[in-house]
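K.L.:
Before we start, here is the structure in question, set down as structure tokens.
Numbering (the numbering used here), first residue to last: 181 to 637.
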């Protein structure tokens, strides 16, 4: 029996399940019979297996006891009665079982009674008890057959931050490409990699960004030294965008002050700054933001997607509440900082209601937001789609089917009410005197800096 420790990212499967009893031997018979029925269903519904043979079996804790689920990777069409299953990211003990499938229960018993204790490892107490992975090495009744067994291990909360290597921090050539660019940013940077707000919709989970374990925050080694070298070397000044992919005001920022250090450099070398965030920690740096605004443009974009805190807590579980973010807008206004709202994404069938839009605009006006920039829809691709659909099944039962029927596998998923909501949003912004067009927003914050400079003179 070969064993090793490994770290896995989220794996999403589609499949179905059956109930188990309390006897390991009886469960072995139940699971083998169900495994064969599941394979028959795959053939019946013509579920494609892809180039590589790959199947999974999950033993999970449920409200009524243990369950056994069989699944295949989710990036394919599947029968309507199939469910989505998640193998959560984390540390696992991986054991290779050699021999026929009927002997697997003995390996499982040995692992839980001996191997974990010998290695002084504690199994996790979540829903997943263990899972089996079957690839091309598996054969039902052959001694040469191999089945991989994975046991999730108890984890500690992240109290230290990993460092990753970085050659550059600042991206871009100093050209905002005219007044219709993304908020007039000339340069962009992300000081951290990963984010722990836990938003169920986040596009940055997509595999195209190659961020493993997106919920785990990492810093870039020597980031401020690299940034200073790059800022000093720029012949053309401009506005530096921060936090488009990973929120720059994560909990580690309170201690490490990397963002604050970057703002000091931006101020020292005569650049402007634009910050995307959901965090109220931005208020800590009002002194630096005010100083930068005295000589260069500053814009703060607070993401707010829900007027209702209860709904926001579901879709953005670890971010400050919408109410707290609105109060932060008020403080930014009092400090003379040009600040507004990124009202995105507006999720189809979730928060795409007239009441939500009217509520956000009214609260924005009450707290002196200079602008609101919306997106009446969301983007979905690869493993981000899997993660989002899994969360829909958990928090909004039945909504996943609406997405699958309407959007299939398309990237851009506009709300079915997008046109009507935009007209309503436009009317509400005009009523309250809030900017909502990109070119107006850019002109607004860049003109404000000119006025502040003239007042200073």
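Backbone N, C-alpha and C define an ideal beta-carbon position, used for all residues, glycine too.
Does DSSP put residue 353 in a helix, in a strand, or in coil?
P.N.:
It is coil, neither helix nor strand.
K.L.:
How would you label residue 571, buried or exposed, when you count the other beta carbons within 10 angstroms and need 16 or more for buried?
P.N.:
By the neighbour-count rule (16 or more Cβ atoms within 10 Å), residue 571 is buried.
K.L.:
Could you tell me if residue 203 is buried or exposed, where buried requires 16 or more neighbouring beta carbons within 10 angstroms of its beta carbon?
P.N.:
Exposed, because fewer than 16 other Cβ atoms sit within 10 Å of the Cβ of residue 203.
K.L.:
Do residue 420 and residue 451 have their C-beta atoms within less than 8 Å of each other?
P.N.:
Yes, these two residues count as a Cβ contact at 8 Å.
K.L.:
Based on Cα-Cα distance, which residue from 387, 368, 549, 380 lies nearest to residue 509?
P.N.:
Residue 509 has its Cα closest to that of 549, out of 387, 368, 549, 380.
K.L.:
Does the structure place the stretch 475 to 495 close enough to the stretch 451 to 463 that three or more beta carbon pairs sit under 8 Å?
P.N.:
Result yes; three or more Cβ-Cβ pairs closer than 8 Å.
K.L.:
Mind checking residue 592: buried by the 16 CB within 10 Å criterion, or exposed?
P.N.:
By the 10 Å Cβ count, residue 592 comes out exposed.
K.L.:
Comparing alpha-carbon positions, which option in 374, 222, 218, 365 lies nearest residue 238?
P.N.:
Closest by alpha carbon: 218.
K.L.:
Kindly indicate which three-state DSSP category residue 554 falls into: helix, strand or coil?
P.N.:
Reduced to three states, the DSSP call for residue 554 is strand.
K.L.:
In or out: residue 520 buried (at least 16 other Cβ within 10 Å) or exposed?
P.N.:
Buried: at least 16 other Cβ atoms inside 10 Å.
K.L.:
Decide if the stretch 264 to 278 is in contact with the stretch 181 to 193; the criterion is three or more beta carbon pairs, one per stretch, under 8 Å apart.
P.N.:
Because the criterion of three Cβ pairs below 8 Å is met, the stretch 264 to 278 and the stretch 181 to 193 touch.
K.L.:
Does the pairing of the stretch 541 to 560 with the stretch 613 to 621 give three or more beta-carbon distances under 8 Å?
P.N.:
Yes, the stretch 541 to 560 is in contact with the stretch 613 to 621.
K.L.:
Alpha carbon to alpha carbon, how far is residue 625 from residue 518?
P.N.:
Spanning the two alpha carbons is a distance of roughly 6 Å.
K.L.:
Which value, in whole angstroms, describes the spacing of the CA atoms of residue 427 and residue 418?
P.N.:
Cα to Cα, residue 427 sits roughly 21 Å from residue 418.
K.L.:
Looking at the secondary structure, which residues open and close the beta strand (DSSP E) in which residue 206 lies?
P.N.:
First-last for residue 206: 204 to 224, but that is the alpha helix (DSSP H), not the beta strand (DSSP E).
K.L.:
How about the stretch 298 to 311 and the stretch 325 to 337: do they share at least three Cβ pairs that are nearer than 8 Å?
P.N.:
Yes, since at least three Cβ pairs between the stretch 298 to 311 and the stretch 325 to 337 fall closer than 8 Å, the two stretches touch.
K.L.:
Count Cβ pairs between the stretch 283 to 302 and the stretch 194 to 201 that sit closer than 8 Å; are there 3 or more?
P.N.:
Counting Cβ pairs under 8 Å, fewer than three are found: no touch.
K.L.:
Does residue 413 come out as helix, strand or coil in the three-state DSSP assignment?
P.N.:
Note: residue 413 maps to helix in three-state DSSP.
K.L.:
Nearest-angstrom Cα distance between residue 596 and residue 529?
P.N.:
Taking the straight line from one Cα to the other gives about 8 Å.
K.L.:
Per the DSSP calculation, residue 456 is bridged to which residue(s)?
P.N.:
Answer by DSSP bridge pairing, in chain order: 481.
K.L.:
Can you tell me whether residue 241 is helix, strand or coil according to DSSP?
P.N.:
Here residue 241 sits in strand by DSSP.
K.L.:
Please state whether DSSP places residue 307 in a helix, a strand or coil.
P.N.:
Note: residue 307 maps to coil in three-state DSSP.
K.L.:
Taking the alpha carbon of residue 252 as the reference point, which residue from 243, 242, 264, 347 has its own alpha carbon closest?
P.N.:
Ranking 243, 242, 264, 347 by Cα distance to residue 252 puts 264 first.
K.L.:
May I have the straight-line CA-CA distance separating residue 126 from residue 470, to the nearest angstrom?
P.N.:
In the structure as shown, the chain starts at 181 and stops at 637, and residue 126 therefore has no counterpart that could be examined.
K.L.:
Counting pairs of Cβ atoms below 8 Å between the stretch 239 to 246 and the stretch 316 to 331, do you hit three or more?
P.N.:
The stretch 239 to 246, when compared against the stretch 316 to 331, does not touch it at the 8 Å Cβ threshold.
K.L.:
What's the C-alpha gap between residue 534 and residue 501?
P.N.:
Each residue's alpha carbon lies about 20 Å from the other.
K.L.:
Rounding to the nearest angstrom, what Cα-Cα distance links residue 586 and residue 580 in this structure?
P.N.:
Spanning the two alpha carbons is a distance of roughly 10 Å.
K.L.:
Just verifying my parser: in three-state terms, what is the DSSP assignment at residue 246?
P.N.:
DSSP places residue 246 in strand when its eight states are reduced to three.
K.L.:
Cα-Cα, which of 564, 602, 349, 246 is closest to residue 541?
P.N.:
Cα-wise, what sits closest to residue 541 is 602.
K.L.:
As an exercise, report each continuous beta strand (DSSP E) stretch of at least 3 residues that is fully enclosed by the stretch 538 to 586, in chain order.
P.N.:
Runs found: 552 to 554, 557 to 559.
K.L.:
Using the three-state DSSP reduction, which class does residue 520 fall into: helix, strand or coil?
P.N.:
Looking at residue 520 - three-state DSSP - the assignment turns out to be strand.
K.L.:
Residue 557 to residue 398, Cα distance in whole Å?
P.N.:
So the two alpha carbons sit approximately 29 Å from each other.
K.L.:
Identify the residues that DSSP records as bridge partners of residue 401: which are they?
P.N.:
None, per the DSSP bridge assignment.
K.L.:
If you reduce the DSSP assignment to three classes, tell me which class residue 190 lands in.
P.N.:
If DSSP states are grouped into helix, strand and coil, residue 190 belongs with coil.
K.L.:
If you follow the alpha helix (DSSP H) that residue 510 is in, where does it begin and where does it stop?
P.N.:
502 to 514 is the span of the alpha helix (DSSP H), which, as asked, contains residue 510.
K.L.:
Residues in its own chain within less than 6 Å of residue 415 by CB, not counting five upstream and five downstream?
P.N.:
Answer for residue 415: no residue qualifies.
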